[in-house]
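Numbering (UniProt numbering), first residue to last: 1 to 287. Glycine is no exception: its CB is placed at the ideal position from the N, C-alpha and C atoms.
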Amino acid sequence: MAPRGGKKIIIVKKKVAGHGGHHGGSWKVAYADFVTAMMAFFMVMWILGMDDKTKQAIEGYFANPVGYKKGYGAGSSPLSTGTAPTNVQKTPLRMIVRSTEQRTFEQLKNAILEKVAANDSLKSLKALVDVQVTNDGLRIELVETGSGDVYFPTGSAKMKSPTMLALQLIGTELATLHHPVILEGHTDAAQFSAAGGAYGNWELSADRANAARRVLEGVGLGDGRIVEVRGYAATKPRILDDPLSAANRRISILLPFSVTPDGAADAASMAQYKTDSMHASLAKRVP
């Protein structure tokens, strides 16, 4: 029914567009893009600052994140092999551990060589103390040169004074680490026998390595640090094409890496490795 007077009342509703709360949400999108770009930039800078081994570990993770999370290397997973894992491997961590040990061994190598060079009594022996970082670990060798018996008299395991001095210096440096230590004795291929043939190069090499053990333990390497004493006789010459060379007569001190290049070893195996008995046929432990 129309109101009196014949006029219709018309109500007009106008929709007023709001301001979207502080001028809309477009700024949020721009800010999110900026934050994402900065995160990507800093991630790239972080990766560029890493060493090659760590980069390879990260690359392997992004190539197969599921496998790495479950403990598999890049390119492998339980689904691809169809079998359950039997040996969980934490490859990235192992690579970082080995890289760290590599740097530590290099620093220790330089420290030992510097101390040998700075010691007046050992200056003439600088060429006879060889320190190298190998695939096995840090290897320190006291090597005869043929210009006289510097470390041991011929056919004897009784040390000369330079030998004891060099081992004491080396032992004080090794005491700063916690790695297990392996001692090796080597001879040349010259035939040697004593005590009616009951004492030869095998016994001599083991006795010389064991003599080195006593000196090292006396300067701070407790019995738990030295895990093996080996006697190799002439089976592992330093000079392969000259088994009679005097340089094959040497004492070797090995600090092995905690993990192998392929990550085959871990902390558990190293703990077991420390408790293993010495090879009875090649080693002697005397009080």
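If you draw a straight line from the alpha carbon of residue i to that of residue j, how long is it in whole angstroms?
| i | j | result |
| --- | --- | --- |
| Leu93 | Leu165 | 38 Å |
| Asp120 | Ile140 | 20 Å |
| Ile11 | Ala37 | 52 Å |
| Ala40 | Ala30 | 16 Å |
| Leu48 | Gln107 | 24 Å |
| Arg238 | Leu138 | 16 Å |
| Ser124 | Gln56 | 44 Å |
Of the residues the options, which one's Cα is nearest the Cα of residue i?
| i | options | result |
| --- | --- | --- |
| Ser258 | Pro243, Val181, Arg214 and Ala246 | Val181 |
| Thr145 | Gly137, His179, Tyr31 and Ala246 | Ala246 |
| Ala157 | Ala211, Thr187 and Ala234 | Ala211 |
| Met159 | Leu254, Arg214 and Asn248 | Arg214 |
Can you list, in chain order, the residues of its chain with a C-beta nearer than 7 Å to that of residue i? Leave out the 5 residues immediately preceding and following it.
| i | result |
| --- | --- |
| Leu244 | Asp188, Ala189 and Ala190 |
| Leu142 | Leu128, Val129, Tyr151, Thr163, Ala166, Arg250 and Ile251 |
| Ala111 | Glu173 |
| Arg208 | Phe152, Ala157, Gly185 and Ile251 |
| Leu221 | Gly171, Leu174, Ala175 and Val181 |
DSSP state of residue i, grouped into three classes?
| i | result |
| --- | --- |
| Asp130 | strand |
| Ser252 | strand |
| Arg230 | strand |
| Leu138 | strand |
| Val143 | strand |
| Tyr31 | helix |
| Asp52 | helix |
| Leu113 | helix |
| Pro237 | coil |
| Lys8 | coil |
With a threshold of 8 Å on Cβ separation, who are the neighbours of residue i within its own chain once the five nearest residues in sequence on each side are excluded?
| i | result |
| --- | --- |
| Ala198 | none |
Quick one: residues in its chain with C-beta nearer than 6 Å to the C-beta of residue i, no 5 flanking neighbours on either side, listed in chain order?
| i | result |
| --- | --- |
| residue 289 | Lying outside 1 to 287, the shown extent of the chain, residue 289 is not represented and no answer is given. |
Problem set entry | Start-end ranges of the alpha helix (DSSP H) lying completely within the region 178 to 207, minimum 4 residues | Whole alpha helix (DSSP H) segments, 4+ residues: zero.
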